[in-house]
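Participant: Numbering (mature numbering (1 follows the signal peptide of the UniProt record, and there is no 0)), first residue to last: -20 to -1, 1 to 104.
Beta carbons are placed, not taken as given, at the ideal position from N, Cα and C, and that holds for glycine.
Questions regarding the structure given below will be posed in turn.
Below is the structure:
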């Protein structure tokens, strides 16, 4: 599904007009389209990984919370909060990893180290 939507995004970006900001920074329609599609697909991948890990943890945590609830409500709450905290850290970690990959990819792809080239932040 994400690949189909990525193709739709690619088509939209390929057939739209070039903005003045793109002309001044040297990014054409094709480059802008590929940058957007790459960012979208990486975001979809990171979101999928975070969702899968979150569901995997929650299924196992539910069993542990049920077991802990037989002993005490405090222990059950502690297990539930720890499982939720782990899932939240996975989501944040995937976001940071995704942004770092995008930044490094744009740095290499757009040739930022050559003199007179644009900055990575020009395309974000």
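1) Grouping DSSP H, G and I as helix and E and B as strand, with all else coil, what is residue -5?
2) Does the stretch 51 to 61 come into contact with the stretch -17 to -1, if we say contact requires no fewer than three beta-carbon pairs (one atom in each stretch) closer than 8 Å?
3) Hey, residue 22 and residue -17: beta-carbon distance below 8 Å or not?
4) Measure the alpha-carbon distance for residue 14 versus residue 36 and round it to whole angstroms.
5) Between 8, 53 and 65, which lies nearest to residue -8 when the distance is taken from Cα to Cα?
6) Below 8 Å on the Cβ atoms is my contact criterion, and I expect residue 55 with residue 63 to pass it. Report the Cβ-Cβ distance as a whole number of Å.
7) Taking the C-alpha atoms as reference points, what is the distance between residue 78 and residue 26?
8) Using the Cα positions of residue -1 and residue 43, report the straight-line distance between them to the nearest angstrom.
Facilitator: Quick answer:
1) coil
2) no
3) no
4) 33 Å
5) 8
6) With a Cβ gap of about 13 Å, residue 55 and residue 63 do not count as contacting.
7) 7 Å
8) 56 Å
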